[in-house]
Every structure is written in structure tokens, then in C-alpha cells.
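Chemist: Here you go, one structure.
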């Protein structure tokens, strides 16, 4: 499943409670599989030094049974985890030397003793069935409680549902989620109880933006298996930035847009094995969101990068201060608009439908090439993407920003396709090619940012800025674009004569 082992959604608390008590949901027969109440307490140092190393200590109480779980998140693999029953009256946490060494801690390291927050959770599992398909619905309701930064009681309600496929078509699971979406306001829940609890305890521990992780592939995989892995990786990248984006973090919005761009690149890379109508529909939806969240990133670059490049000869110090204030206001406004889009029903619907579509293609074997070997397919796809880039370079007129913009877009496709399939080939050769395309992207991207600055400054209130300020930025933009395009020429030449890693060996 492209959402990992489970599809986790945040729903209104009344909805989660209602789902847990009903034997039939949207026409599905439900049987209660388990019903339990647990109290989890998370411990750390006063400065949360363990959590900052991606290590969590949890003590769980369920009836009269007390257990502790120590876990450490791993960037590209399953987390390290140990669970142990606690004995004795004190029920203190324990940390032996073997665990400490595996976690990268010093021998004889002491476990934390300060309770940071607690989570009181009621879990109810329902086995749901529709025709020949089965999946588990688990509701998590309760509350996360923490002592805030000024030692006041801070609490956050917990109301999530988890959907896990068991047997038959996964489309039944997505159909259920889509029906739930149309009836209630829901959205994806990418955050663990631990991340929410620590963020509640301290604003400095709020989840930050993250970049895409390298995809792990095996040359023996089929085309369909690689497709699922790449889509799953990009969905994970997208959802991992949801919290930061909804908070108004411009880097979170930017990484959300990057994930969307990578999803579009993946759909294009596999277009020969994907139905045309579906591929075009999802590409169009993703492009729609990219276009409407783009101004957030543009204003961020303008505020944090472009204005720092301006010299006193371009804009006076007084005018620069006014520019910063006006640009920051614009950026904040667009950040709020982007967050509103990412919380909307249309966004959740798009991703659920994408998951259902991919699941259906893999289950039905839409195209026989989906089950063929991936290496010939990857080589053919990389070759075509590279030829398209070289063709665009050959057509481009020197010094034409319009033509170089087309080259930049082709370069993005070549870069992402190279990153997707690089794990199937010689790492050094693949990395050299991807880095060359990335250098081209950097230079042409800088030129594009300078060009965009001309339009952005015209959106500002003219009555608050002097006319010479606009002229100064326009002049700077033209100089910057020309310089960046000149710097891109050697990289363009390198690409035209570059060794292609998919033909080596």
C-alpha cells in the first residue's frame, strides 16, 4: 500500500467514537476484534536530549501490566525497538549497556526520569468486510496531556483511525476512506503520538520540514514493485511535511511542493505502463496545487535571498527595510492560503484516489510490462528523459530566459528520474550524472528567482515605495539573470558530453 503498512486519518472525536461502537459502517459488516485502554507516559531529560537524538522512552500501563518501550527512529529503515515488562513497586525505567551501545549512547547511560507527557488512549479494533475484501479499522480516542512551558496543564484530543488491509482488494479500504471523507471532515494524520506529545510540551520540538529520502531498490524487482516503492516514498515525503506546512512553515510548504513535483515526475517516468486518463488527471491535480502554493515559496526566496543580494546602489537602506516588511506580510498571507488548501477535502480526496488507483493497477495487472524486469525499463526511461533534455538544450537560444526556463523544467524531470532509478545502477556513475543536472538546476533556478522578483515587486503597494526602488530591482534582476545564464553554459556543455550511467557495464 502506498501509504505504508496502514492508512491513518485524523477524524472528529465524535466520529471516531461512533465508528468504534457500530457493527455496520457504510454497508460494511463489522466485528469487534479487541477493546483496550492504555496509559502511556513518555520520559526524557528536562531538555529532551533523548528525543533530539530520535530516541523515545515510553512506559505503558494496561490494567495491572506495566511495560517499557525504547525506540529509535531510523531515516531509511524500520526503527530499533525493545519492549520489556517492568517489575517491582517503583517500576522505574531500565537501560542496559547493550541497548545503550546500539542506540549510540555511552555505556552505563542512565534512563530518563522526567515525565514529559502522558497519552490516555482507548483502542477499539473492528474487522470489516465487503464482498471478498477485509480490512481492520482501529479507532484511537483519548487525550495527550503535558505540563506546558510555564507549567500549566496543556492537552490535545486524540481521535485517529487506522485502516490496515487484511485480505482481498485494497480498493475496499480506500472506498471506505473516501465515503468517510464525503460524510465528515477528515485529513491524513502523519504524526505519531510521540511527536505530538513532545511538540505539545515545547514549541522548539515541533515537527520540522524534511527532504526526500533515497529510494531503496533491487535490480531483481519488477516494474510494478518499483512503481509502488517510488510512489510510496514520494507520498511519505509529502505527508512528512504536512504538519510544518499547516503551521505556516514556508520550508514545509516548499518541501510539499517538491514532493508533488516528484510525484508528477514519477507518473511521467512510468507513463508507458499507466492508463493515460488517470495519469493525466492526477498530474493535473498535482500541478493545480503546485501553482497555488508557489507564491509562498516565491515570497520566501524574495525575502530571505533576493533582498540580501541587493546593494546600496540598487536600493537604499530605508527602502530595503520597507521592502522586507511588505514582502514578509505577503509571504505570511500566501502561507496561510497554502495551509488552507492542504487542509481541504479536495486535497485528501486526491491522495486517497491516487492510492486506490495505484492499488487497482497493481492488483489487476493493467499492463503486462508492470510485471517485467525493471532494468530494461529503467534504462529506456532514463534514455528518453536524457534525450528530451538534450533536445531542449539544442533548441535553446543563448541568453533567452524563456528557452532556459524550458531547459530547467526538462532538467527537473531528468534529475528526478535519475534519482528514482539510480539505486539500480553503479552508485558513483549515477551520482555524478544527477549532480551535474542538479548544478544546472541551481544556476537556472537562480536566474528564474531573479526573473520572478520583477513580478513580485510590482505586486507591492506602490505608494509605500519610491519609484527608483522599482527601477533598481528591475535593473538588478536583468544583471542577475544574465550572469546566471552565463554560469549555466559550462554545465550545459558538460551534459551534452556526459557519460550516461544506465549504459555503463
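Numbering (the numbering used here), first residue to last: 3 to 507.
All C-beta atoms, glycine included, are put in the ideal place defined by N, C-alpha and C.
Is residue 36 helix, strand or coil when you go by DSSP?
Modeler: If DSSP states are grouped into helix, strand and coil, residue 36 belongs with the strands.
Chemist: Could I get the ranges of all uninterrupted alpha helix (DSSP H) runs contained in the stretch 239-308, with 4 residues as the minimum, in chain order?
Modeler: Segments of the alpha helix (DSSP H) lying fully in the stretch 239-308: 244-248, 252-271, 278-303.
Chemist: Using DSSP bridges, identify the partner residues of residue 119.
Modeler: Beta-bridge pairing links residue 119 to 44, 148.
Chemist: Along the alpha helix (DSSP H) that carries residue 160, what are the first and last residues, could you check?
Modeler: Premise fails: residue 160 lies in the beta strand (DSSP E), 155-169, not in any alpha helix (DSSP H).
Chemist: Is the distance from the Cβ of residue 285 to the Cβ of residue 261 below 8 Å?
Modeler: Cβ atoms of residue 285 and residue 261: not closer than 8 Å.
Chemist: Let me make sure I understand the geometry here. Which of 118, 353, 412, 325 has the alpha-carbon closest to that of residue 474?
Modeler: Checked all of 118, 353, 412, 325; the closest Cα to residue 474 is 325.
Chemist: Identify, in the order they occur along the chain, each residue of the same chain with its Cβ nearer than 6 Å to the Cβ of residue 62, setting aside the five sequence neighbours on each side.
Modeler: Once the five neighbours on either side are set aside, the close Cβ partners of residue 62 are 40, 42, 69.
Chemist: Please tell me whether residue 437 and residue 424 are closer than 8 Å, where the distance is taken between their beta carbons.
Modeler: Not a contact, by the Cβ cut-off of 8 Å.
Chemist: What is the DSSP secondary structure of residue 80, counted as helix, strand or coil?
Modeler: Three-state result, residue 80: strand.
Chemist: Of all the options 38, 299, 111, which has the alpha carbon lying nearest to the alpha carbon of residue 95?
Modeler: When each option's Cα is compared against that of residue 95, the closest is 111.
Chemist: Is residue 16 helix, strand or coil by DSSP?
Modeler: Reduced to three states, the DSSP call for residue 16 is helix.
Chemist: Starting from residue 188, trace the alpha helix (DSSP H) in both directions and tell me its first and last residue.
Modeler: Neither: residue 188 is in no alpha helix (DSSP H) and is coded neither H nor E.
Chemist: Given a cut-off of 8 Å on the beta-carbon distance, is the pair residue 455 and residue 486 in contact?
Modeler: No, these two residues do not count as a Cβ contact at 8 Å.
Chemist: With 16 as the cutoff for other CB atoms within 10 Å, does residue 287 come out buried or exposed?
Modeler: So residue 287 counts as buried.
Chemist: Should residue 406 go down as buried or exposed, given a rule of 16 or more other Cβ atoms within 10 Å for buried?
Modeler: When all chains shown are included, residue 406 counts as buried.
Chemist: Among the candidates 3, 299, 291, 224, whose CA atom is the shortest distance from the CA of residue 176?
Modeler: Closest option to residue 176, Cα to Cα, is 3.
Chemist: Quick one: give me the first and last residue of the beta strand (DSSP E) that residue 57 is part of.
Modeler: That run of the beta strand (DSSP E) goes 57-64.
Chemist: Indicate whether residue 27 and residue 163 have their beta-carbon atoms separated by less than 8 Å.
Modeler: It is not a contact, given that the beta carbons lie outside the stated cut-off.
Chemist: Determine whether the beta carbon atoms of residue 34 and residue 130 lie at a separation below 8 Å.
Modeler: No, the pair does not count as a contact, with Cβ atoms beyond the cut-off.
Chemist: With DSSP as the reference, identify every bridge partner of residue 137, one or two as the case may be.
Modeler: Answer is 130, 167.
Chemist: Counting C-beta neighbours from all protein chains within 10 Å, is the total for residue 332 16 or more, i.e. buried, or is it exposed?
Modeler: It is buried - the Cβ of residue 332 has at least 16 other Cβ atoms within 10 Å.
Chemist: Taking all protein chains shown into account, decide if residue 206 is buried (16 or more other Cβ within 10 angstroms of its Cβ) or exposed.
Modeler: By the neighbour-count rule (16 or more Cβ atoms within 10 Å), residue 206 is not buried but exposed.
Chemist: Check whether the Cβ atoms of residue 245 and residue 344 sit closer than 8 Å, and answer yes or no.
Modeler: Against a cut-off of 8 Å, the Cβ pair of residue 344 and residue 245 comes out as no contact.
Chemist: What residue from 440, 401, 461, 479 has the CA that sits closest to residue 488's CA?
Modeler: Ranking the options by Cα distance to residue 488, first place goes to 401.
Chemist: So residue 332 is in the alpha helix (DSSP H); what residue range does that whole segment cover?
Modeler: Where residue 332 is concerned, the enclosing alpha helix (DSSP H) stretches over 319-344.
Chemist: Please report the straight-line C-alpha distance between residue 218 and residue 350, rounded to a whole angstrom.
Modeler: Roughly 27 Å between the two C-alpha positions.
Chemist: Distance check for residue 75 and residue 32, CA to CA, integer angstroms please.
Modeler: The alpha-carbon atoms of residue 32 and residue 75 are separated by roughly 34 Å.
Chemist: Taking 8 Å as the cut-off, does the stretch 266-276 touch the stretch 300-308 (at least 3 CB pairs, one atom from each stretch)?
Modeler: No, they do not touch.
Chemist: Compute the Euclidean distance between the alpha carbons of residue 106 and residue 98, then round it to the nearest angstrom.
Modeler: Those two C-alpha atoms are separated by around 13 Å.
Chemist: Considering only residues of the same chain and omitting the five flanking positions on each side of residue 355, which have a CB-CB separation below 6 Å?
Modeler: Hits under 6 Å: none found.
Chemist: At the level of alpha carbons, what is the spacing between residue 482 and residue 148?
Modeler: About 50 Å.
Chemist: CB residue 44 to CB residue 23, shorter than 8 Å?
Modeler: Cβ distance not < 8 Å, so residue 44 and residue 23 don't count as in contact.
Chemist: Is the beta carbon of residue 290 within less than 7 Å of some heavy atom of the ligand FMN?
Modeler: Of the ligands one can find in the structure shown there are none, so the ligand FMN has no counterpart to examine.
Chemist: Leaving out the 5 sequence neighbours to the left and right, which residues in its chain are closer than 7 Å to residue 380 when beta-carbon positions are compared?
Modeler: Around residue 380: 423, 426, 504.
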